[in-house]
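Data block below; observations after.
Protein chains: 8
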Amino acid sequence: MIFNKNEKLVMIGDSITDVERKRPHGEGRNDSTGKGYVSAVNALFHSVYPELSLRVINMGISGNTVRSLKERWQTDVLDLEPDWVSIMIGINDVWRQYDQPTIKESHVYIDEYRATLDELVKQTLPSVKGIILMTPFYLEPNANDPMRKSMDEYGRVVKEIAEKNNTHFIDIQAAFQPVLEHIYPAALAWDRVHPNLVGHMAIARAFLQEVGFDWNR
Amino acid sequence: MIFNKNEKLVMIGDSITDVERKRPHGEGRNDSTGKGYVSAVNALFHSVYPELSLRVINMGISGNTVRSLKERWQTDVLDLEPDWVSIMIGINDVWRQYDQPTIKESHVYIDEYRATLDELVKQTLPSVKGIILMTPFYLEPNANDPMRKSMDEYGRVVKEIAEKNNTHFIDIQAAFQPVLEHIYPAALAWDRVHPNLVGHMAIARAFLQEVGFDWNR
Amino acid sequence: MIFNKNEKLVMIGDSITDVERKRPHGEGRNDSTGKGYVSAVNALFHSVYPELSLRVINMGISGNTVRSLKERWQTDVLDLEPDWVSIMIGINDVWRQYDQPTIKESHVYIDEYRATLDELVKQTLPSVKGIILMTPFYLEPNANDPMRKSMDEYGRVVKEIAEKNNTHFIDIQAAFQPVLEHIYPAALAWDRVHPNLVGHMAIARAFLQEVGFDWNR
Amino acid sequence: MIFNKNEKLVMIGDSITDVERKRPHGEGRNDSTGKGYVSAVNALFHSVYPELSLRVINMGISGNTVRSLKERWQTDVLDLEPDWVSIMIGINDVWRQYDQPTIKESHVYIDEYRATLDELVKQTLPSVKGIILMTPFYLEPNANDPMRKSMDEYGRVVKEIAEKNNTHFIDIQAAFQPVLEHIYPAALAWDRVHPNLVGHMAIARAFLQEVGFDWNR
Amino acid sequence: MIFNKNEKLVMIGDSITDVERKRPHGEGRNDSTGKGYVSAVNALFHSVYPELSLRVINMGISGNTVRSLKERWQTDVLDLEPDWVSIMIGINDVWRQYDQPTIKESHVYIDEYRATLDELVKQTLPSVKGIILMTPFYLEPNANDPMRKSMDEYGRVVKEIAEKNNTHFIDIQAAFQPVLEHIYPAALAWDRVHPNLVGHMAIARAFLQEVGFDWNR
Amino acid sequence: MIFNKNEKLVMIGDSITDVERKRPHGEGRNDSTGKGYVSAVNALFHSVYPELSLRVINMGISGNTVRSLKERWQTDVLDLEPDWVSIMIGINDVWRQYDQPTIKESHVYIDEYRATLDELVKQTLPSVKGIILMTPFYLEPNANDPMRKSMDEYGRVVKEIAEKNNTHFIDIQAAFQPVLEHIYPAALAWDRVHPNLVGHMAIARAFLQEVGFDWNR
Amino acid sequence: MIFNKNEKLVMIGDSITDVERKRPHGEGRNDSTGKGYVSAVNALFHSVYPELSLRVINMGISGNTVRSLKERWQTDVLDLEPDWVSIMIGINDVWRQYDQPTIKESHVYIDEYRATLDELVKQTLPSVKGIILMTPFYLEPNANDPMRKSMDEYGRVVKEIAEKNNTHFIDIQAAFQPVLEHIYPAALAWDRVHPNLVGHMAIARAFLQEVGFDWNR
Amino acid sequence: MIFNKNEKLVMIGDSITDVERKRPHGEGRNDSTGKGYVSAVNALFHSVYPELSLRVINMGISGNTVRSLKERWQTDVLDLEPDWVSIMIGINDVWRQYDQPTIKESHVYIDEYRATLDELVKQTLPSVKGIILMTPFYLEPNANDPMRKSMDEYGRVVKEIAEKNNTHFIDIQAAFQPVLEHIYPAALAWDRVHPNLVGHMAIARAFLQEVGFDWNR
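Chains as they are written, first to last, in the numbering used here: chain F, 102 to 318; chain S, 102 to 318; chain Y, 102 to 318; chain D, 102 to 318; chain P, 102 to 318; chain X, 102 to 318; chain E, 102 to 318; chain H, 102 to 318.
Below, the structure is given as structure tokens:
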């Protein structure tokens, strides 16, 4: 696994990351890391690699866009002096264009998304051991659905930034593909966005496979 | 994996199984299967084997002893017509002897425990494809601690019944051993009984390893 | 308009009809008729035709299928001695097949749906002046989506029963078509099922156009 | 209809406008525009003219008088840069004179009312496409009732200002006249001020008829 | 005063009598007699005539009509073996005809009202020292208002029954007349039915003047 | 009565005055003047002298001593520009010496009490038509009880200040005397301090008798 | 101490005994024995005599009189098969005569008190090792206060029954005497009945001194 | 006893001291001193030595370490001008190292603990009559348990500081020893840290024995 003993991983994002995490920092006893993929990752780290004493901090905030991340990047990421940072952002950047089309000041269009995410990555790389970028996703199997198409475009931007900056990259939308072939979206997420634990486990597994986690060690 | 498409698994037990599951049956949308090892098992089933459409029903009830299970076995297990049944019981049978020693009618001593668990297994085997028996556990690393010693004795009874009846068997106490070597009990469970998600994930993994689950398929 | 002075209309269905109506009968002061299409219909009746003194009773119950309607038909419809009955049912009959596929006892397949709805209509026609049948709907614009396809099939059954029994018929799915051409589903209903007031108004308008309501009288 | 694609309409007033709208701005998902005439107008806009993508913002605040509006006019109207503004104010200006006669500092007498409303209109006209002024109303059919007489005087002031400034004008009291001929006030509003949805629909319809809304397009 | 030491007075009626009284019997410590005219009467009894040790029991229930009183007369009046009974009923009998005109089964028309009230009085007189009948009222100063006219008719029925059966009689509507000449209804009761403490004190004073209470003893 | 049309009376004190009054000013609709003697006085004013339109403002705050009154006198009395002021203070000044004897900084001894109350009266007299001073009281019939004796001393200080400054004076302790002869303290106030409505009515009556109120006008 | 290893003591009474104990039986973890003298006794038993493993069950119920005890004696005492029973009852028997004098059916006069308590003692003695009778009390230092005098009479009845039946006897009123000489009642109990923990500790100490508890062992 | 009439004792610490005490100062009526050993000490002071009028102030705050105490020492101890100060701190200093090992900034290691506690004692001694130092404790009977070993080391530091500064010293861990020989930890404290009232009474008794309290005076 890419992580070493005592290293610190900050996982930041929107409601998919947040999931009722503790404030101000999502770490510590009980449900401090929330009830989503972050807590699944944390639980698998400590139950399978107890000797590593990894420190996972959930810094997701519901409703966040990449514009929100930028505003709180200094205090919520850099000041925590992480060894590793994972970012999953973009769902709300797209969603607001579809669920409240008239409120245009809430939309984050693709150029701002690309520029901001790239800026955050560049600003952070010098002080960390690595960054893990994850695509936003939409649990809509129809690839021609307008919002799904937008989400895929934002996902491609993530990939592009990952490649340009040489970071880890995980295509979460792709990770959901085999699941969506057998399970209808309504059984994963009533709004096709906020998954139940089945969906969160799929995200956690994709993350863990990228970082070299070994379930059978 | 031992489970086939569309099969139904009933998981029964005490608060370690329950963990805020839905009533009357712990299945369905959202957190219906609770927030413990059952929901982790269910989430890993559906995210990794989505094509199997397995049906997991959490029937745990906090505070239950094997005596409680017997009272509700007909309605809560047999009437559900499961293909598979998992049982993790005994913690309260032992704990009450230690946390409320003066209330003796709340204690379930080892002879009653053995006889009752054996009766439930024998009564159930003819109508199911298999039973998975799990030991109770206590997150106390000191093997000479009186309550830990009692718990180990109850665990040996489970093993004995499993062997006699030819069921699956999982030693949960043993599964915690490598974790307890690196993590102090207070970081897993303040009362050494109710684990956080790290502990539940350790249980889920032990269960999944027994049933032939393949994380990397 | 087809309704005359002092006539009584019972509107029955599932959560789309219910929307927090009063119990046991959804009529009377304040929000007694709920906050959905029934209350919009009622409000337009009394504000535009105040002299008719029409009596609208909302008898919807969230989560109902046609099987649920049958169980309460005597007390919740016939005993109220309505002049008119409107029925919108079927969404949960279909939805359960998609959002909890493993819990098969919660599914109502199309044969049971057809037989039961037909039975209720036939049982009621002799004692009322008319029945208004409305199709179930799904705010999914992709006609090839599996759940949308199922819903369309159930809608065709409603039409078939309406024609056979010579009742009023409203194709609610069709009524949403022009709206869905301009508004993405997420802006109407996060789960594509429970519409906001925009969607309820579209239902109310389709209903009122069928019954000869004149907005400009 | 007088509104064009993508235009923004701010509707401001007192509790009749507010009706549990979202803060700070009454727009967005769910019940953001409240549960009164504003939400009915918004729902009819989007269900009947979905292609226009009109943006309706409810800025009503319960208990407001015209004096309150003046205090928040810059932030709550002008700063939002609306294309259209609707104003319904005056009920509390009058009511306080009748329901708490001893607390004279809470009364807004007719000269202050006229001057303030006129000032707000003049201040706003240069930057918008149009203003819609609505009279306050009182659901008291007896034209000789003292409070009704006062309300009628305030209503005449609204008409006078509308004519002088060449704005749209809607006589809401008059719109209720045909309803009050058939429905006793207690069935519309227990306090003769806060209508149920029947009353709100009457207001919405009067508004929509003034702005050229076509129910049957 | 007509009451003697240790006598028991049961005061029954609707919400005007109830006003949050204690269940099942409105007597005892704190706010047991409610917060309306009954508690004012009780407080004036004990503060001005402390030596009499009168026992006042509030048996009002919100929403009651004379039909409701009949259903509970045996348990709620006769079984308490009162020395005196006061009755104020009829507001809901009339109001329902005006605030929910379509729900006719909730209306109590004047013939049923007269017959039932008379029956209750006749049934009770033999076992008590006296009955005090109070008219229902409506805080509407316009004597031509339809609901006020109805209420006056019901009030005349009370007077007729009082005279026929030779009971005490208090015209509460008349007692409000001098107050309504100076105070607008909205300052007494927003819905013209449920008075604030000013109105309740007016009722209490009318009651006390009828029973010979001396404020200045 | 000493009050004239439209005059304003501020009633200030501790919890006996407060009794859940509205903040910041205890006046207006519903229970704004609280549920104690102030609301009884207000209700009797308006029900018996409706033409006077008196304005009663309850400014009591639970737990206050005369030291607390001094801190808020400017904003809570003088700034309101009353015509009349009533003061009932001193119970907590004494009570704290008995119910928390060790916390001496919470005690207000008699010299500070006298000096402060006298200062407030002198500061206020020039701008008002009159002041009504009421003694604190303790519903303890045993005149030799230590706290009762203290309370009586504080009461004598009130009388002394009233005489020196020529204000109205009401001996509330004396007003309770005839009631206490027949009713045991526990039936008036479980803690012998906070009376039920019987006790509040006794206070209200003593106040009204001092100001020339005529119950039988 | 009179208690031996593993013996069971049931402590029954009214609110002084109850103090938020657990239902149905006041024993077990946390605050199961309540927050009053019973929990203090229990805590001192186990902290000072941990080897005795005494079982204390709190069966007090707020508001109980001796009449209430009789109704539940079989289920709440005898069925529990105690070795020892303590009884403190009578406060409400007396108090109701003083705090709600008009509700005579709530009073338990001294003859009924004596007969019932004697009956309960006689009925219980054969099956237990001993009974501890405690007097009711009233934290009123004035021995001439009417309610205090009544309470003392009831206390003498307890003593008389204890002597006649040869049970343990504790004069709780006397135990409070030295405390009341230095602490005013308001600092022990605002209503002179429900003591704070200081008062409960005084009761516990009186109980423990009677049963031979040794603080310094 | 070492305390004299009217002296003030401030007891400071963590959650074992706090136990729901009142804010900002834990003294006064009802449960102001909390529900733990402080309230037991206070109750025994006043019930056994009522003439001393001792003033006990609970200043514990849950979660505090010695680092937290230092931050609030001026306002929470010195500004209160106590005659005596008791300190029980260190449990969280140790526990955080075991229950959240990855969050190192929450740990207080033994050097910082020693230096800080010594500093607080030295800073306080000049202005008080005496300081009572109590060791932290852990209800773990196994002396080889890692956290118990750490706690014992911190306890030895307390003893060392007490001796060096000549203060009172109480070994709370030792006081629990005889109890732990008979009662399993789970019956005293589910988490082996927060005792039930049995444990708090053991602490109170150890404290009282050190200060010369005489139970039998």
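We put the beta carbon where it would ideally sit given N, CA and C, even for glycine.
How big is the Cα-Cα spacing for residue i and residue j?
i: Met112/X; j: Gly137/P; result: 23 Å
i: Val222/E; j: Asn107/E; result: 23 Å
i: Glu311/F; j: Val186/F; result: 14 Å
i: Asp253/F; j: Tyr199/F; result: 14 Å
i: Glu172/D; j: Thr217/D; result: 11 Å
i: Glu163/H; j: Asp115/H; result: In the sequence under discussion, the amino acid at residue 163/H is Ser, which differs from the Glu named in the question. So the two alpha carbons sit approximately 5 Å from each other.
i: Ala288/D; j: His208/P; result: 14 Å
i: Asn165/Y; j: Ala144/H; result: 59 Å
i: Thr268/D; j: Ile232/D; result: 5 Å
Out of the options, which one is the CA nearest neighbour of residue i?
i: Arg257/X; options: Ile273/X, Asn243/X, Pro247/X; result: Ile273/X
i: Gly129/H; options: Thr134/X, Trp316/X, Pro202/X; result: Pro202/X
i: Met160/H; options: Phe146/H, Val178/H, Val229/H; result: Val178/H
i: Phe277/Y; options: Glu220/Y, Ile233/Y, Gly300/Y; result: Gly300/Y
i: Ser133/F; options: Ile204/H, Ile162/H, Pro279/H; result: Ile204/H
i: Met302/H; options: Arg122/H, Gly135/H, Val142/H; result: Val142/H
i: Gly283/S; options: Gly313/S, Ala263/S, Glu241/S; result: The identity of residue 283/S in the sequence shown is His, whereas the question assumes Gly. If we check each option's Cα against that of His283/S, Glu241/S comes out closest.
Can you pull the chain A residues whose beta carbon is under 8 Å from the beta carbon of residue i, in chain order?
i: Thr176/F; result: The chain labelled as chain A is not found among the protein chains of the depicted structure, namely F, S, Y, D, P, X, E and H.
Helix, strand or coil: which one does DSSP assign to residue i?
i: Ile117/X; result: helix
i: Asn131/P; result: coil
i: Val111/D; result: strand
i: Ile158/Y; result: strand
i: Ile204/X; result: coil
i: Ile103/D; result: coil
Is any heavy atom in the ligand COA found nearer than 8 Å to the beta carbon of residue i?
i: Asp219/Y; result: The ligand COA is not part of the structure shown, which contains no ligands of any sort.
Near residue i, what residues of its chain come up, given a Cβ to Cβ distance below 6 Å and the 5 sequence neighbours on each side ignored?
i: Glu182/Y; result: none
i: Phe146/X; result: Leu155
I'd like the list of long-range same chain contacts for residue i, defined as Cβ closer than 8 Å, with 5 residues on each side in sequence excluded.
i: Val259/X; result: Gly191, Leu218, Leu234, Met235, Thr236, Pro237, Phe270
i: Leu110/X; result: Phe104, Leu155, Arg156, Val157, Ile158, Pro183, Asp184, Trp185, Val186, Ser187
i: Lys265/Y; result: Asp219
i: Ile247/H; result: For the record, residue 247/H in the displayed sequence is Pro; it is not Ile. Contacts found: Tyr199.
For residue i, which residues of its own chain have a beta-carbon under 7 Å away from its beta-carbon, when the five flanking residues on both sides are left out?
i: Tyr214/Y; result: Val167, Gly191, Asp194, Tyr255, Val258
(request) Go through the segment 165-193 of chain H residue by residue and report every complete run of the beta strand (DSSP E) that reaches 3 residues or more, in order. (result) For the segment 165-193 of chain H, whole beta strand (DSSP E) runs of length 3 or above, ordered along the chain, are 185-189.
(message) At 4 residues or longer, what runs of the alpha helix (DSSP H) sit wholly inside the segment 265-300 of chain S?
(response) If we require 4 residues or more, the alpha helix (DSSP H) runs fully inside the segment 265-300 of chain S come out as 273-281.
(message) To test your reading of the DSSP string, which unbroken alpha helix (DSSP H) runs of 4 or more residues are found completely within the segment 235-270 of chain D?
(response) 247-266, all fully within the segment 235-270 of chain D.
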